[in-house]
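*Asks:* This structure is in structure tokens; I'll ask about it shortly.
What follows is the structure, given as structure tokens:
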């Protein structure tokens, strides 16, 4: 009985060999710019139009598509995470759930965008949020303003990662999310860290700027004197705030608010009533 031949067929020489001479410096510059653009645009920094990073925008949009209005019932966060991951954001459920949890935390957002039901954690590292199979969510009242009139050709849409769905490039955002809730992110060669502000003050400044387009910074700071942090605290020094508003770069310090209370007839204690933004109680107590 003849054996089956195992010889490899000769290679197909129909393709002509081409060697491209490319300067290493030019290739590194081009590749780095493409990578930087991808990180900045697709992951790390918020869009100024709606103040959202892609993962947050996809969560808000998908919750709107699921009909999770503020007047509707709650659904499991696991269901929302699954819808977002399967249709818009195929980068793992952990990153999606972390972003969803943050949008529901009143100590992280000046105006939360997600109405959470269950244990969404507390300020500090001792109380993490419960697993997504236990917590529930729906849109917050402000989120309905973010997606209002989205089906009326108010924003552009683009294909999702596999071309089977469409997602908005930015949300209509009748709510000034970037200024009110702030944002932080680290990209390639640039970063942002914007603090939250008071909604009423931002609206007052916007109305004044619409009425007087040439208004200067001093006039606008009469309406928005500085950040309004969700956890309170005391801002030390205003020079850094003005620098941030004027140049885009500035720093300021925040201190916890402490009161002296009588514990016993012979003993007094320091009671911390307000914490610096994003600082847990374990750091203040230590």
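Numbering (the working numbering), first residue to last: 40 to 325. Even glycine gets a Cβ: it sits at the ideal position worked out from N, Cα and C. None of these values were measured; they are calculated from a predicted model.
So the candidates are 116, 137, 132; which of them puts its Cα closest to the Cα of residue 155?
*Replies:* Cα-wise, what sits closest to residue 155 is 116.
*Asks:* Can you tell me the Cα-Cα spacing of residue 191 and residue 157, whole angstroms?
*Replies:* Between residue 191 and residue 157, the C-alpha separation is close to 34 Å.
*Asks:* From residue 296 to residue 316, what does the alpha carbon distance come to, in whole angstroms?
*Replies:* The straight-line gap from Cα to Cα measures roughly 12 Å.
*Asks:* Considering residue 92, what are the terminal residues of the beta strand (DSSP E) in which it resides?
*Replies:* Note, residue 92: premise wrong, no beta strand (DSSP E); not H, not E.
*Asks:* Are the stretch 111–129 and the stretch 171–190 in contact at 8 Å, needing three or more beta carbon pairs?
*Replies:* Yes, the stretch 111–129 is in contact with the stretch 171–190.
*Asks:* Taking only three categories from DSSP, how would you classify residue 150?
*Replies:* Residue 150: coil per DSSP, three-state reduction.
*Asks:* Mind reading off the beta-carbon distance from residue 235 to residue 219? Whole number of angstroms is fine, and I expect it under 8 Å.
*Replies:* At roughly 6 Å, the Cβ-Cβ gap stays under 8 Å, so residue 235 and residue 219 are in contact.
*Asks:* Identify, in the order they occur along the chain, each residue of the same chain with its Cβ nearer than 7 Å to the Cβ of residue 225, setting aside the five sequence neighbours on each side.
*Replies:* If we look at residue 225 and ignore the five residues flanking it on each side, its Cβ neighbours are 83.
*Asks:* Please state whether DSSP places residue 114 in a helix, a strand or coil.
*Replies:* Of the three classes helix, strand and coil, the one that applies to residue 114 here is strand, per DSSP.
*Asks:* Nearest-angstrom Cα distance between residue 197 and residue 150?
*Replies:* If I take the Cα positions, the gap works out to 28 Å.
*Asks:* Round the Cβ separation of residue 215 and residue 187 to the nearest angstrom and send it over; I've been treating them as touching at under 8 Å.
*Replies:* The Cβ separation is near 14 Å, so there is no contact.
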